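Visitor: Read in order, the letters of the sequence shown correspond to residues -27 to -1, 1 to 363 in mature numbering (1 follows the signal peptide of the UniProt record, and there is no 0).
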Amino acid sequence: MITPRSRRWTGACAVALAVLGSLTATGAPAAASPVRAGPAEDPAEDTVRRALHDLVRKDGFPAALAAVQDRDGRTRHRSAGVADLKTGAKAPADGYVRIGSNTKTFTAVVVLQLVGEGRVRLDEPVETYLPGLLRGQGVDGRRITVRQLLQHTSGLPEYTDRLAKSALSFRHTYFQPRRLLDMALEKKAAFAPGSRHQYTNTNYIVAGLLIEQVTGRPVIEEITERTIRRIGLRRTYFPNVGDERIRTPHAKGYHRDDPQAPMTDATRWDPSAAWAAGQMISTLGDLNRFFTALLGGELLKPEQLEQMRTTVEAPEMGRGGRYGLGLSSITLSCGGRAWGHGGTFPGYYTANAATDDGRAAAIAVTHLPADVSAFEHVEAALDTALCAKS
């Protein structure tokens, strides 16, 4: 399980908490159409196909998508359900989705590249790079290190609850990163820096500001040049200011603030409330490519990759869950560990991970899970996809 259980949210966007705060409500989204996928080539493929079918029919997601990459780099795509509840159009198997907090891994990679270049030091206080920025009730940038930001051990308070009750009312609102940080700093520190782990989106807002300060360039440019273009991700991007659209093809994402209300088409959304913590858009195939390239050493020097994979206990991540520097790991039911992150954004929920032997899988659904069991079913589908040919 990649999603933190304690928050029931991978933190992709502040406003996503609106639905997740009502997980005790009864009833999942209304069921959509049956699975839309070609015939299975083998039993393993059929297992993944059935998992998608169950997510649509039993958990009521409008669509469920999967991309499964084998050790040789071959990827198979599957989809179930519909791209549009009004038209019933088939969900594209490798359509674009908002990948939410998977953005954190991209952000962490850029910071670690700067570490490898000698421009940033992991155990240096944030104050060195952003003097005077972190000041508040128990918050002091002179006591918080860069490593603690990336590993969610800083104690910085969360800003998301300020936007959680009426997500839909904020979907066309632009938020400057500093405004998000100011929301967080109105609250007390959650704990003393380094004393424990607690997943907090504010950490990655600060990490984004650090990147901009050190490089003198916007985060969008640094992430694009240092990750997306470097490994040739053709269907991954960081939306620019004011871009509320998702490129085609895509399945529409649906959201509702009230679990008893009808689903609202939430495909068009200003993602600025997530910024360096969760603004990016990709496809599941590209997401698998990113994580296998990362684990394969294509983005970081060995020393920085080792630091990224140095973890602390994060039981909220699920079975054997641990969190490194923008990278989490889980224990698979078939044995071994998988590395990934996962992401949530109104309308889209993604669970994804890769293994050291080159396998990777990503599952996406087009509505936030309406209850705990629906979350667990998505994450079980990820485990199924990774273990089907293990």
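Even glycine gets a Cβ: it sits at the ideal position worked out from N, Cα and C.
This structure is a prediction, so every number in the text was calculated from the model and none was measured.
(1) Going by DSSP, what residues sit across from Pro98 in a beta bridge?
(2) Is Arg292 helix, strand or coil by DSSP?
(3) Determine whether the beta carbon atoms of Val112 and Leu183 lie at a separation below 8 Å.
(4) Are at least three pairs of beta-carbons, each pair with one atom in the stretch 157 to 177 and one in the stretch 258 to 271, less than 8 Å apart?
(5) Are Val55 and Gly61 closer than 8 Å when you measure CB to CB?
(6) Exposed or buried, what is His145 when buried is set at 16 or more other beta-carbons lying within 10 Å of its beta-carbon?
(7) Alpha carbon to alpha carbon, how far is Gly258 from Ile204?
(8) Mind checking Arg120: buried by the 16 CB within 10 Å criterion, or exposed?
(9) Kindly give me the distance between the Cβ atoms of Pro244 and Pro212, rounded to whole angstroms, as I take these residues to be in contact under 8 Å.
(10) Does DSSP put Ser74 in a helix, in a strand, or in coil?
(11) Under 7 Å Cβ to Cβ from Glu131, same chain only, skipping five residues before and after it: list those, please.
(12) How long is the line joining the alpha carbons of Phe318 and Tyr227, rounded to whole angstroms?
(13) Which residues in the same chain as Pro12 place their Cβ atom closer than 6 Å to its Cβ, once the five residues preceding and following it in sequence are excluded?
(14) Should Tyr102 be labelled buried (16 or more other beta-carbon atoms within 10 Å of its own) or exposed?
(15) CA-CA distance, Ser306 and Arg292?
(16) If Thr80 sits next to Gly215, beta carbons under 8 Å apart, how far is it from one beta carbon to the other, in whole angstroms?
(17) Using beta-carbon positions only, say whether Leu272 and Thr200 come within less than 8 Å of one another.
(18) Counting beta carbon pairs with one atom in the stretch 237 to 254 and one in the stretch 276 to 294, are three or more of them shorter than 8 Å?
(19) Can you tell me whether DSSP reads Glu198 as helix, strand or coil?
(20) Per DSSP, which one or two residues make a beta bridge with Ser306?
(21) Does the separation of the CB atoms of Val351 and Gln124 fall below 8 Å?
(22) Under the assumption that Thr256 contacts Gly68 (Cβ atoms under 8 Å), give the Cβ distance between them as a whole number of angstroms.
(23) Could you tell me the distance, in whole angstroms, from the CA atom of Asp329 to the CA atom of Ser301?
(24) For the candidate residues Leu87, Met236 and Val29, whose alpha-carbon lies nearest to that of Lys59?
(25) DSSP puts Arg49 in a beta bridge; with which residues?
(26) Give the straight-line distance between the Cα atoms of Leu95 and Tyr296, rounded to the nearest whole angstrom.
(27) Using CA coordinates, which residue listed in Gly105, Gly181 and Gly128 is at the minimum distance from residue 418?
(28) If I measure Cβ to Cβ from Gly(-1) and keep anything under 6 Å in the same chain, skipping five residues before and after, which residues do I get?
(29) Do you know offhand how far Thr(-4)'s Cα is from Glu90's?
(30) I need the boundaries of the alpha helix (DSSP H) containing Phe348, first residue and last residue.
(31) Cα separation between Ala39 and Thr357?
(32) What is the rounded straight-line gap between the Cα of His26 and the Cα of Gly331?
(33) Determine, using beta carbons only, whether His340 and Phe143 come nearer to each other than 8 Å.
(34) Any idea what DSSP makes of Gly270, helix, strand or coil?
(35) With distances taken between CB atoms, is the gap from Val29 to Ala53 smaller than 8 Å?
(36) Leaving out the 5 sequence neighbours to the left and right, which residues in its chain are closer than 7 Å to Arg9 when beta-carbon positions are compared?
Guide: Once the coordinates are examined:
(1) Beta-bridge pairing links Pro98 to Thr118.
(2) coil
(3) no
(4) The stretch 157 to 177, when compared against the stretch 258 to 271, does not touch it at the 8 Å Cβ threshold.
(5) yes
(6) His145 is exposed by the Cβ-count criterion.
(7) 13 Å
(8) buried
(9) 6 Å
(10) Three-state result, Ser74: coil.
(11) Ala157, Thr173, Asn174 and Thr175
(12) 10 Å
(13) Low confidence applies here, because Pro12 scores a pLDDT of 41, under 50, leaving its location unreliable and the question unanswered by this model.
(14) buried
(15) Looking at the two C-alpha atoms, the distance is approximately 9 Å.
(16) That pair is no contact at about 21 Å.
(17) yes
(18) no
(19) helix
(20) DSSP, once it has assigned bridges, lists no residue as partnering Ser306.
(21) The answer is no: Cβ separation not under 8 Å.
(22) Taking the Cβ atoms as the reference, Thr256 lies roughly 7 Å from Gly68, within the contact range of under 8 Å.
(23) 13 Å
(24) Met236
(25) Val41
(26) Distance between the alpha carbons of Leu95 and Tyr296: 16 Å.
(27) Outside the shown range of the chain, which is -27 to 363, sits residue 418, and nothing can be said about it.
(28) Annotation note: pLDDT 32 at Gly(-1) (below 50); position unreliable, coordinate value reported separately. Around Gly(-1): no qualifying Cβ.
(29) Only weak support exists for where Thr(-4) lies, its pLDDT of 26 falling under 50; the coordinates are left without a value.
(30) Val345 to Cys360
(31) C-alpha separation (whole angstroms): 11 Å.
(32) 26 Å
(33) no
(34) coil
(35) yes
(36) Residue placement at Arg9 cannot be trusted, given a pLDDT of 39 that sits under 50; the coordinates are not used to answer.
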